[in-house]
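Undergrad: Everything in the sequence shown is counted per the numbering used here, starting at 37 for the first residue and increasing by one. Quick reminder that beta carbons are idealized off the backbone N, C-alpha and C, glycines included.
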Amino acid sequence: MMRGVRIEWLVVLALALAPLAGPAQTMEGPRLPRGAAPAAPVYSSDGTVTVFAPGHKAGYRMPVLTFVTQFSAELQRVLRLKLGTQLAPLEVAIGGKSDGDTRVLTARLRDAGGVVRERIELPDPETADLDLFRRAICVALLRGWMVEAGGTEATMQDVPAWLIDGLLRYIDRGRRQADIDRTLLLWSRACLPPATALVEADSQAATREPAVAAVLAGWLMERRDGVSHFEHLLRAAATGVPWSVEQVARLLAGSDDMFAFDEHVDRRMLTEGRVVARPGLTTAGIVRRFRAYLLLYPAFYDKNFSDTHPWCTFQQAVVRAEAPEVRAAAAVQSVRMRVAAVGRDGMLLAVADAYGAFLSALARGAEQGELARLLLEAEGMRGTLERRVASGEVFQRSAGAQGADAQRN
């Protein structure tokens, strides 16, 4: 062991508990397994990442370096931040074990020159948990960015752990629609807390529900005047401003009034229902939300279709087809119905077109027999779609079909 305070890896914090900021421990040089002859370290092209390994694990150096640099590039693409700095370089120490150890261990070390280095250790590189490794890389790179932004050990504040986890989940585009579906289901069933509790540092909803954390992270990735909300929060944390609900409310809603913020979150949830996370995709959640369009509301403000409800069902509308207010509402709903399926797969588009044909016929004053036939056809198509998604099917329109539609349009 070289000069300095000895660091025992058994007391290094596990990654899941690692904050974004914290005091560095003093150490000179990388620690490798006792008695192992080290291989020459390898470096990233910009010199901000170094990978160490014992001689008998030298073959893992380049694959690990490639993994780190590629994941760093993906983070930079999503965050639009320049990651990697000489002010807080990242070291990855490959261990000499081959016993199935999945741990990923982290620490912050200060070398003899006073430079604080982010350290990640993989005791067994063959079985290290890749999700934990990605999280460790993300935390280390964000710490480095905070140092570049003027952060010091005395000023740097933590950002919530759920935000880091949500960011890592948000990066995976394949999960986004499922995360939106899950979040909207919880919201529609009143299972989410008010906005203030939803975004607080120790938010239970965002911690227990990874989908909620991912949706919130997506909101914070949005940019205003060329700077993302996430960057504002990270820069504030670097310079000593602790996380606060008011700060998030000002960024997302433009006000720190909590009532206005709560209304803003509700509006955002409604908007999420129309988001096309992956073009051509139809999931059970999308089909479930489509049912909200199967009622007819008056086209004019402060009107009701009955003494008990402002709306009527499509079946009731057929009976009242002669009423001008029903026809006017059908004309409006015909457009909304088709818009609701925009960006989804062909089967939902066909269902929406079938309902749209019924509503258009209702708006122009078609006979009840024709209306009943058109409605029965639409209902049958929807029933088939709902049964298939209930059995676990997910519909994805092919890229070729989407491209053909784009050419026709």
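Given a cut-off of 8 Å, decide if ALA376 and PHE326 are closer than it, judged by their beta-carbon atoms.
TA: yes
Undergrad: Along the alpha helix (DSSP H) that carries VAL128, what are the first and last residues, could you check?
TA: Premise fails: VAL128 lies in the beta strand (DSSP E), 126–130, not in any alpha helix (DSSP H).
Undergrad: Spatial neighbours of VAL354 within its chain, please: C-beta separation below 8 Å, excluding the five flanking residues on both sides.
TA: Hits under 8 Å: LEU398, GLN404, LEU407, ALA408, LEU411.
Undergrad: Run through DSSP, which three-state label would GLU64 get?
TA: Confidence at GLU64 is low in this model, with a pLDDT of 43, below 50, so the placement of that residue should be treated as unreliable; the coordinate-derived value is given next. Note: GLU64 maps to coil in three-state DSSP.
Undergrad: Is LEU332 helix, strand or coil by DSSP?
TA: strand
Undergrad: Confirm, please, whether the CB-CB distance from PHE88 to PRO99 is below 8 Å.
TA: no
Undergrad: Please classify PRO159: is it buried, with 16 or more other beta-carbons within 10 angstroms of its beta-carbon, or exposed?
TA: buried
Undergrad: By a C-beta neighbour count over all protein chains shown, 10 Å radius and 16 as the cutoff for buried, is ARG433 buried or exposed?
TA: buried
Undergrad: Considering only their Cβ atoms, is the gap separating GLY202 from ALA249 smaller than 8 Å?
TA: yes
Undergrad: From GLY392 to GLN369, what distance separates their C-alpha atoms?
TA: 8 Å
Undergrad: Tell me, please, which residues DSSP counts as bridged to GLU406.
TA: The partner list for GLU406 (beta bridge, DSSP) is empty, contrary to what the question assumes.
Undergrad: Which whole-angstrom value is the C-beta distance of ARG286 and ARG209, which I expect to be below 8 Å?
TA: Actually they are not in contact, since the Cβ atoms of ARG286 and ARG209 sit about 29 Å apart, beyond 8 Å.
Undergrad: Looking only at its chain, what residues have a beta carbon closer than 6 Å to the beta carbon of GLY419, apart from the 5 residues adjacent to it on each side?
TA: none
Undergrad: For SER396, which three-state DSSP category applies?
TA: helix
Undergrad: May I ask which residues mark the beginning and end of the beta strand (DSSP E) holding ALA143?
TA: Its beta strand (DSSP E) spans residues 141–146.
Undergrad: Could you check if GLN213 is buried or exposed, using at least 16 other CB atoms within 10 Å of its CB as the buried criterion?
TA: Classification of GLN213: buried, given that the 10 Å Cβ count is 16 or more.
Undergrad: Should PRO230 go down as buried or exposed, given a rule of 16 or more other Cβ atoms within 10 Å for buried?
TA: Exposed: under 16 other Cβ atoms inside 10 Å.
Undergrad: Between the region 183–190 and the region 274–282, do at least 3 Cβ pairs fall closer than 8 Å?
TA: In short, these stretches touch, since the Cβ pair count reaches three.
Undergrad: Compare the Cα-Cα distances from PHE295 to each of LEU177, GLU282, ARG380, CYS227 and report the closest residue.
TA: GLU282
Undergrad: Tell me, to the nearest whole angstrom, how far the beta carbon of LEU332 is from that of LEU384; I am working on the premise that it is less than 8 Å.
TA: Contact between LEU332 and LEU384 is absent: CB atoms are separated by about 20 Å, not below the 8 Å threshold.
Undergrad: Can you give me the start and stop residues for the beta strand (DSSP E) that THR86 sits inside?
TA: 85–88
Undergrad: Kindly list the residues whose CB is nearer than 8 Å to the CB of ALA414, restricted to its own chain and excluding five residues on each side of it in sequence; keep chain order.
TA: VAL387, ALA390, TYR391, ALA393, PHE394
Undergrad: Can you tell me which of GLY150, GLU162, ALA143, ARG113 puts its alpha carbon nearest to the alpha carbon of ASP135?
TA: Looking at the Cα atoms, GLU162 is the closest of the given residues.
Undergrad: Confirm, please, whether the CB-CB distance from ILE207 to GLU450 is below 8 Å.
TA: Because the chain here runs from 37 to 445, residue 450 falls outside it and cannot be looked at.
Undergrad: State buried or exposed for GLY461, treating a residue as buried only when at least 16 other CB atoms are found within 10 Å of its CB.
TA: For residue 461 there is no data in the structure shown, the boundaries of the chain being 37 and 445.
Undergrad: Evaluate GLN240 with the Cβ neighbour count: other Cβ atoms within 10 Å of its Cβ, from every protein chain shown; 16 or more gives buried, anything less gives exposed.
TA: Classification for GLN240: exposed.
Undergrad: Which word fits LEU123, buried or exposed, when buried means at least 16 other C-beta atoms lie within 10 angstroms of its C-beta?
TA: exposed
Undergrad: Three or more beta-carbon pairs under 8 Å between the region 111–118 and the region 139–154, yes or no?
TA: The region 139–154 and the region 111–118 do not touch, with fewer than three beta-carbon pairs separated by less than 8 Å.
Undergrad: Please check the pair LEU204 and CYS174, which I expect to be a contact at CB under 8 Å, by giving their CB distance rounded to whole angstroms.
TA: 6 Å
Undergrad: Can THR319 and VAL430 be called in contact, C-beta distance under 8 Å?
TA: yes
Undergrad: Cα separation between ILE322 and PRO74?
TA: 55 Å
Undergrad: Can you tell which of THR232, HIS345, PRO246, MET257 has its C-alpha closest to the C-alpha of SER291?
TA: Looking at the Cα atoms, THR232 is the closest of the given residues.
Undergrad: Whole alpha helix (DSSP H) runs in the region 193–234 with 4 or more residues, listed along the chain?
TA: If only complete runs of 4 or more residues are kept, the region 193–234 shows the alpha helix (DSSP H) at 197–207, 212–224, 231–234, in order along the chain.
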